[in-house]
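Novice: Structure incoming, see below.
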Amino acid sequence: MLTNVYETNKKDMKPQTELITKRLDGKIAVITGGNSGIGLATAQQFVEEGAYVFIAGRRQNELDKAVKQIGKNVTDVQGDISNLADLDRLYDTVKQQKGRIDILFANAGIAEFAPLGSITESLFDKIFNIHVRGLLFTVQKALPLFQDGGSIILTASVAGSKGIKAFSVYSAAKAAIRSFARSWTVDLKNRKIRVNAISPGLIETPMSAELSEQVKTNLVSTLPVGRMGRPDEIAKAVAFLASDDSSYITGIELFVDGGLAQI
Ligand code: NAD
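Residues 1 to 263 (the numbering used here) are what the sequence shown spells out, left to right.
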């Protein structure tokens, strides 16, 4: 893309023409949970960096709002990632409109708390159906649309590496996601598709808004950076993993957690 850049040299303010390439120019991206929180911030970041994004989420009204917020280069597809027919519909839409995928951000998720002793079958099924089964088929069903050299980013969590009260089911599901990143890096080696996990710490999104102020204050007091993270701080790291700036990085877990799980 050609952009006019004005040199801010006081003596000589001449317009110059400089080649500025956006990192994700022309890339086609799919983001699950792209209508809220981290997924929405990432969709905005991707579009800013030149990509076209497909956002998938469960609630149509939230998707409508997100599409308006993103403003351009976006298509929304309503659906539940734990429903395989919905995933087929998502990828059929991508195939019809763009014919391929370069970047997949498998990010959709929910959080529910229950201490050991009170874990119900339905809580276990819900969490594992979305985070483990749903994420697995989100990635597997995308593969036929991937070209060699793509990037897949999976949203894991610091919870996968920590012991957090009443959070064992969610944490175990996130640990499974981290493990998927390792194994799929090997499975997709010949296709040159990189797979990485991103592990956010405590981020200000509708999900964390459900925690009590007391819990958040206690958690923040233990953080080296002394504050919660913003969704755009995760989005920038995801854009890095999506772009060629991370061309020699695969199989990793990138913690973006203000130090939460690092000390
Ligand atoms: P959020 O509630 O703002 O967004 C979650 C998104 O996932 C929503 O768009 C929702 O519609 C979508 N979603 C949930 N279940 C779905 C399903 N079955 N099918 C399709 N879409 C579904 O929360 P967020 O904080 O942005 O969470 C995004 C991801 O980040 C999740 O995987 C979450 O576990 C992870 N995470 C969040 C934090 C945090 O502190 N907010 C920390 C670590 C990891």
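The beta carbon of each residue, even a glycine, is placed where N, CA and C say it ideally should be.
Could you give the distance in angstroms between the alpha-carbon of S246 and the alpha-carbon of G34?
Specialist: Start at 1 with the first residue of the sequence shown, and residue 246 comes out as number 246. Start at 1 with the first residue of the sequence shown, and residue 34 comes out as number 34. Approximately 22 Å between the Cα atoms of the pair.
Novice: If you measure between the beta carbons of T155 and T250, is that distance less than 8 Å?
Specialist: Residue 155 sits at position 155 when you count from the first residue of the sequence shown. Residue 250 sits at position 250 when you count from the first residue of the sequence shown. Contact: no.
Novice: For S36, is the beta carbon positioned less than 7 Å from some heavy atom of the ligand NAD?
Specialist: As a working note, residue 36 is residue 36 in the sequence shown. Yes; taking the cut-off as 7 Å, the Cβ of S36 has a heavy atom of the ligand NAD nearer than that.
Novice: What does a CB cutoff of less than 6 Å around M150 pick up in its chain, not counting 5 residues either side in sequence?
Specialist: Here residue 150 corresponds to residue number 150 of the sequence shown, with the count starting at 1. The sequence given here has Gly at residue 150, not Met. Same-chain partners within the cutoff: D102, I193.
Novice: Are the segment 203-214 and the segment 159-170 touching by the rule of at least three beta carbon pairs closer than 8 Å?
Specialist: no
Novice: Is the shortest distance between the beta-carbon of V53 and the beta-carbons of chain C less than 8 Å?
Specialist: Given the protein chain composition of this structure (a single chain), no chain C is represented.
Novice: So, does the segment 101-116 touch the segment 38-57, judging by three or more C-beta pairs under 8 Å?
Specialist: yes
Novice: Relative to the C-alpha of L188, which residue among N61, F124, F146 is closest?
Specialist: By one-based count along the sequence shown, residue 188 stands at place 188. If we check each option's Cα against that of L188, F146 comes out closest.
Novice: Taking 8 Å as the limit between beta carbons, can you name the residues of its chain near R59, skipping five residues before and five after?
Specialist: Within the sequence shown, the letter at position 59 stands for residue 59. Only N35, Q78 meet the Cβ criterion.
Novice: Indicate the three-state DSSP secondary structure (helix, strand or coil) for T21 in the structure shown.
Specialist: For the purposes of this step, residue 21 is identified with residue 21 of the sequence shown, where counting begins at 1. The answer is coil: DSSP assigns T21 none of H, G, I, E or B.
Novice: State the Cα-Cα distance for the pair G201 and R191, rounded to the nearest angstrom.
Specialist: As a first step, residue 201 must be located in the sequence shown, where it is residue number 201. As a first step, residue 191 must be located in the sequence shown, where it is residue number 191. Straight-line measurement puts the Cα of R191 at about 31 Å from the Cα of G201.
Novice: When the distance is taken between beta carbons, is A173 closer than 8 Å to V132?
Specialist: As a position in the sequence shown, residue 132 is number 132, starting the count at 1. As a position in the sequence shown, residue 173 is number 173, starting the count at 1. Yes, Cβ-Cβ distance for V132 and A173 is below 8 Å.
Novice: Should I81 be counted as a contact of the ligand NAD given a C-beta to heavy atom distance under 7 Å?
Specialist: Here residue 81 refers to the residue found at position 81 of the sequence shown. Yes, Cβ of I81 sits closer than 7 Å to a heavy atom of the ligand NAD.
Novice: What are the complete alpha helix (DSSP H) segments, minimum 4 residues, inside the segment 109-162?
Specialist: 121-128, 135-142
Novice: What's the gap between the Cα of P224 and the Cα of G259?
Specialist: Counting from 1 along the sequence shown, the entry for residue 224 is found at position 224. Counting from 1 along the sequence shown, the entry for residue 259 is found at position 259. Rounded to whole angstroms, P224 to G259 spans 6 Å at the Cα level.
Novice: Assuming the contact rule is C-beta atoms closer than 8 Å, I234 and I203 should be a hit. Round their C-beta distance to whole Å, please.
Specialist: As a first step, residue 234 is located in the sequence shown; it is residue number 234 there, counting from the start. As a first step, residue 203 is located in the sequence shown; it is residue number 203 there, counting from the start. Indeed they touch by this definition, with Cβ atoms about 6 Å apart.
Novice: Expressed to the nearest angstrom, what Euclidean distance is found between the alpha-carbon atoms of T220 and P144?
Specialist: As a working mapping, residue 220 is identified with position 220 in the sequence shown. As a working mapping, residue 144 is identified with position 144 in the sequence shown. Looking at the sequence provided, one finds Val at residue 220 rather than Thr. Cα to Cα, V220 sits roughly 42 Å from P144.
Novice: Alpha carbon to alpha carbon, how far is R178 from A56?
Specialist: By one-based count along the sequence shown, residue 178 stands at place 178. By one-based count along the sequence shown, residue 56 stands at place 56. Those two C-alpha atoms are separated by around 22 Å.
Novice: Check whether the Cβ of L202 sits closer than 7 Å to any heavy atom of the ligand NAD, and report yes or no.
Specialist: Taking the first residue of the sequence shown as position 1, residue 202 is located at position 202. Indeed, a heavy atom of the ligand NAD lies less than 7 Å from the Cβ.
Novice: Using a 10 Å radius around the Cβ and a threshold of 16 neighbouring Cβ atoms, would you call N196 buried or exposed?
Specialist: Position 196 of the sequence shown, counted from the start, is the residue given in the question as residue 196. Flag for N196 reads buried.
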